[in-house]
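Colleague:
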Amino acid sequence: MNIAAMGHRPESEDCFLYTDHELRLRFRTAKDDVAAVTVIYGDPYWSLPDAAGKVTYRYQTQAMTRIGSGETHDYWAVTLTAPFDRIQYVFAARGQDGTTTLFGDRGPREDSEAQRQELGNYFRVPYFHAIDRTRVPAWVSETVWYQIFPERFANGDSTNDPAGTKPWRPADHPGRDDYYGGDLQGVLDHLDDLAALGVNGLYFCPVFKASSNHKYDTIDYFEIDPDFGDKALFAKVVAGAHERGMKVMLDAVFNHLGNQSPQWQDVLAKGKESRYVDWFHIRQWPLTPYRDPTKGEGDPQFDTFAFGPGMPKLNTANSEVQDYLLDIATYWLREFDIDAWRLDVANEVDHHFWRRFRQAVTAVKPDCYVLGEVWHSAQPWLNGDEFSGVMNYPFTQQIEDHFLTGKTDAATLEARLFDQLMLYRDQTNQAMLNMLDSHDTPRLLTVAGEDQDKALAALAFTFLQTGAPCIYYGTEMGMSGDNDPDDRKPMDWRKLNGPVWQAVHTLVAFRRAHAAVLGTGTTAYTVTATGLIQVTRQLAEATITGWFNTSEHPVALTAKPALAAGFQAGQLNPKGFVVTVH
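Numbering (this note's numbering), first residue to last: 1 to 582.
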């Protein structure tokens with residue numbers, strides 16, 4: 001056996017409370033190396049005399065299930081309970097060669113009764129503290145999100161259009177500084193259309209007063225940008241969404257402010273005498289003209305987002321900055337009853353602040369969803385005291401690489417997807433945001449090479465995954481667009497109720513109709529002997545199975561579809577899929 005490949009970390013994604021009294025354990029072994037794994041466990045204090053009077057530890061054993069394989073490892077799992085809410089455990093792995101190794105807190109040991117009585121080698125969960133359990137809002141796993149870029153969604157009120165607003169032309173290729181007049185009245189006017197599509201979560205890009213069309217350079221977090229409307233109108237949007245069963249998530253940039261914010265302007269005007277001088281990371285005076293090191297101008301005088309002088313970085317270690325930002329976060333929860341925060345550039349803000357943030361927002365609304373923008377592995381933010389989930393780009397990148405661009409084969413797809421799932425606790429996976437495109441990426445159809453069948457197959461596959469799916473505005477209209485700013489074209493409302501809209505509506509309806517299984521069920525992947533990608537979701541007695549043909553030839557398949565595309569007379573065509581429900 002490859003003992004060096006074995007792995008387990010207590011109090012992590014390998015060992016966590018799923019409910020207040022259910023402990024889930026995972027164990028990693030080298031791929032195809034181990035035939036079976038047993039967990040040996042019991043109460044740490046449950047030692048009793050045997051018939052001869054010798055005190056021995058009374059343990060139990062339970063077989064673990066191999067739940068899936070990644071690129072280099074097999075993953076084993078088991079769910080345990082403990083009558084007194086405390087437990088210790090060690091793993092016994094039996095190799096394909098028949099040998100058995102104990103793997104515990106102090107390393108591998110030969111499997112013998114004497115070693116099983118060596119209690120110092122047991123991993124230990126001293127007590128099942130429910131207050132420490134990672135919790136996510138239950139409603140998130142039942143949500144299909146819809147991302148709105150307000151400036152390009154709909155122009156409902158031309159009286160608030162900025163100077164130079166362009167005509168609403170969906171075929172345009174917008175410039176970085178162009179305006180088309182989208183606003184909150186446009187969102188209010190189309191809430192019934194969104195309800196008809198079936199989505200039940202609205203994720204807004206920033207709506208606060210800012211200098212740009214994208215609003216990520218905030219001037220005033222306590223005001224709605226006048227290009228979009230005012231607070232009274234925003235309140236109507238939230239109320240209208242809630243009346244239709246939709247949650248509302250706002251986007252905030254607590255990493256930086258815009259350079260037109262009063263705080264930064266005060267620093268520019270008063271220099272070292274400004275009361276806000278410690279709100280930012282200032283390296284050298286004077287602050288202007290700004291030196292951009294990417295242009296060979298020398299070291300910058302202050303920290304910014306991505307060397308952008310228009311976005312000076314906040315010092316979130318400053319208690320005044322913390323209080324200011326927490327006032328903002330709780331204000332929109334208290335006064336407007338929003339349901340969630342999406343946090344831009346979240347990985348560049350300190351963990352200490354995010355812990356305060358989580359405590360503050362859940363004190364106002366216990367089931368507030370906290371979503372971080374983290375494009376890489378995010379375990380440090382997902383231990384229950386910071387974010388509920390993150391934007392799941394590493395996960396959905398695997399779908400893009402196979403379904404849309406063909407960079408990887410089917411076996412690599414399923415292995416990498418399972419590796420991604422094993423990075424996080426089960427409840428955390430259920431609260432991740434799964435999107436194939438956004439305001440920061442090329443559109444789905446463009447990445448698919450303008451092949452709508454390929455794009456819809458990738459979307460259908462995404463809708464079967466653990467985690468909340470998210471549709472970027474215009475996907476249901478078959479819109480295309482390259483990287484920012486081309487991915488922010490005006491919405492093409494001419495295609496409402498068209499064939500692509502109908503196909504997306506069907507996917508949304510299916511996801512919501514089977515929210516329990518798809519939201520919280522187990523996930524298994526395989527590549528069939530005929531080359532189909534099979535994903536199986538299971539919860540109790542309910543099973544949903546999907547087959548996807550990403551090959552270049554039809555494949556015979558016997559199935560009674562609840563959802564399908566490209567399936568006729570027992571043949572699943574390329575770019576087609578079949579989903580069954582049992």
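The beta-carbon is built from N, C-alpha and C at its ideal position, and this holds for glycine as well.
So for L268, helix, strand or coil by DSSP?
Modeller: Helix at L268.
Colleague: Is it the case that the Cβ atoms of G70 and D367 are separated by a distance below 8 Å?
Modeller: Cβ distance not < 8 Å, so G70 and D367 don't count as in contact.
Colleague: Leaving aside the five residues before and after T408 along the sequence, list all residues of the same chain whose C-beta is less than 8 Å from its C-beta, in chain order.
Modeller: Result list for T408: Q398, D401, H402, R416, in chain order.
Colleague: What are the boundary residues of the alpha helix (DSSP H) that R334 is part of?
Modeller: Taken as a continuous stretch (DSSP letters only), the alpha helix (DSSP H) holding R334 covers 319-336.
Colleague: For the structure I just gave you, are there three or more beta carbon pairs, one from the stretch 292-311 and one from the stretch 324-336, closer than 8 Å?
Modeller: With the cut-off at 8 Å, the stretch 292-311 and the stretch 324-336 do not touch.
Colleague: Please confirm whether F234 and T218 have their CB atoms less than 8 Å apart.
Modeller: Taking 8 Å as the Cβ cut-off, F234 and T218 do not qualify as a contacting pair.
Colleague: Helix, strand or coil for A235? Go by DSSP, reduced to three states.
Modeller: Reduced to three states, the DSSP call for A235 is helix.
Colleague: Looking only at DSSP bridge pairs, what is Y538 linked to?
Modeller: A quick correction: the sequence has Gln, not Tyr, at residue 538. BP columns for Q538 point to T522, T543.
Colleague: Quick check on DSSP: helix, strand or coil for H173?
Modeller: The answer is coil: DSSP assigns H173 none of H, G, I, E or B.
Colleague: In the DSSP output, which residue or residues are listed as bridge partners for S212?
Modeller: Answer is none; S212 lacks a bridge partner.
Colleague: Give the C-beta separation of K454 and K270 to the nearest angstrom, bearing in mind that I take them to be a contact with Cβ-Cβ under 8 Å.
Modeller: The Cβ separation is near 57 Å, so there is no contact.
Colleague: Alpha carbons only, please: which of W341, E348, A346 is nearest the one belonging to K365?
Modeller: For K365, the nearest C-alpha among the options comes from W341.
Colleague: Please state whether the Cβ-Cβ distance between D323 and N255 is less than 8 Å.
Modeller: No.
Colleague: Just the Cα atoms here: how many angstroms apart are P289 and D178?
Modeller: Whole-angstrom Cα-Cα distance: 26 Å.
Colleague: Counting pairs of Cβ atoms below 8 Å between the stretch 440-459 and the stretch 148-165, do you hit three or more?
Modeller: Contact between the stretch 440-459 and the stretch 148-165 is absent, because fewer than three Cβ pairs lie under 8 Å.
Colleague: Determine the extent of the beta strand (DSSP E) in which W501 is found, giving its start and end residues.
Modeller: Careful: W501 lies outside any beta strand (DSSP E), inside the alpha helix (DSSP H) at 499-513.
Colleague: For D43, which option in R86, A51, Y472, P309 has the closest C-alpha, if you only look at C-alpha atoms?
Modeller: Checked all of R86, A51, Y472, P309; the closest Cα to D43 is R86.
Colleague: Please confirm if the stretch 105-115 is in contact with the stretch 299-313, defined as three or more CB-CB distances below 8 Å between the two stretches.
Modeller: Taking 8 Å as the limit for Cβ pairs, the verdict is that the stretch 299-313 does not touch the stretch 105-115.
Colleague: So if DSSP puts A30 in a beta bridge, which residue, or which two residues, is it bridged to?
Modeller: Its beta-bridge partners are H73.
Colleague: Going by the beta-carbon positions, is the gap between G570 and T580 smaller than 8 Å?
Modeller: No. Outside cutoff.
Colleague: Candidates T396, T19, V238, S47: which alpha carbon is nearest S377's?
Modeller: Answer by Cα proximity: T396.
Colleague: So Q185 and D157 are in contact, right, with Cβ under 8 Å, and what is the actual spacing, rounded?
Modeller: 4 Å between Cβ atoms; contact.
Colleague: So what does H256 bridge to, in DSSP terms?
Modeller: Bridge partners of H256: K313.
Colleague: So, T61 versus A77, is the Cβ gap smaller than 8 Å?
Modeller: Against a cut-off of 8 Å, the Cβ pair of A77 and T61 comes out as no contact.
Colleague: Quick check: what's the CA-CA separation for T506 versus T520?
Modeller: Using only the alpha carbons, I get a separation of about 21 Å.
Colleague: Can we say the stretch 430-438 touches the stretch 493-509, given the rule of at least three CB pairs closer than 8 Å?
Modeller: Contact between the stretch 430-438 and the stretch 493-509 is absent, because fewer than three Cβ pairs lie under 8 Å.
Colleague: If contacts are defined as beta-carbon pairs under 8 Å, then R37 and F91 qualify, I think. What distance do you get, rounded to the angstrom?
Modeller: Note that residue 37 is Val in the sequence shown, not Arg. 6 Å between Cβ atoms; contact.
Colleague: DSSP state of D193, grouped into three classes?
Modeller: Of the three classes helix, strand and coil, the one that applies to D193 here is helix, per DSSP.
Colleague: Contact between the stretch 237-252 and the stretch 272-284: three or more CB pairs below 8 Å?
Modeller: Counting Cβ pairs under 8 Å, fewer than three are found: no touch.
Colleague: Indicate whether the contact test is met: 3 or more Cβ pairs, each with one atom in the stretch 425-432 and one in the stretch 460-477, closer than 8 Å.
Modeller: Short answer: they touch.
Colleague: Can you grab the Cα-Cα spacing for the pair N347 / L423, in whole Å?
Modeller: So the alpha carbons of these two residues sit roughly 17 Å apart.
Colleague: When we look at the beta-carbon of E335 and count the other beta-carbons within 10 Å, is it buried (16 or more) or exposed?
Modeller: Flag for E335 reads exposed.
Colleague: Nearest to T72 by CA position, among G53, T29, D350, is which residue?
Modeller: Considering only alpha carbons, the answer is T29.
Colleague: Would you list the one or two residues that DSSP bridges to D251?
Modeller: BP columns for D251 point to R342.
Colleague: Let me know if D183 comes out buried or exposed under the rule of 16 or more other beta-carbons within 10 Å of its beta-carbon.
Modeller: Label assigned to D183: buried.
Colleague: Just how far apart, CA to CA, sit M479 and D172?
Modeller: Cα to Cα, M479 sits roughly 11 Å from D172.
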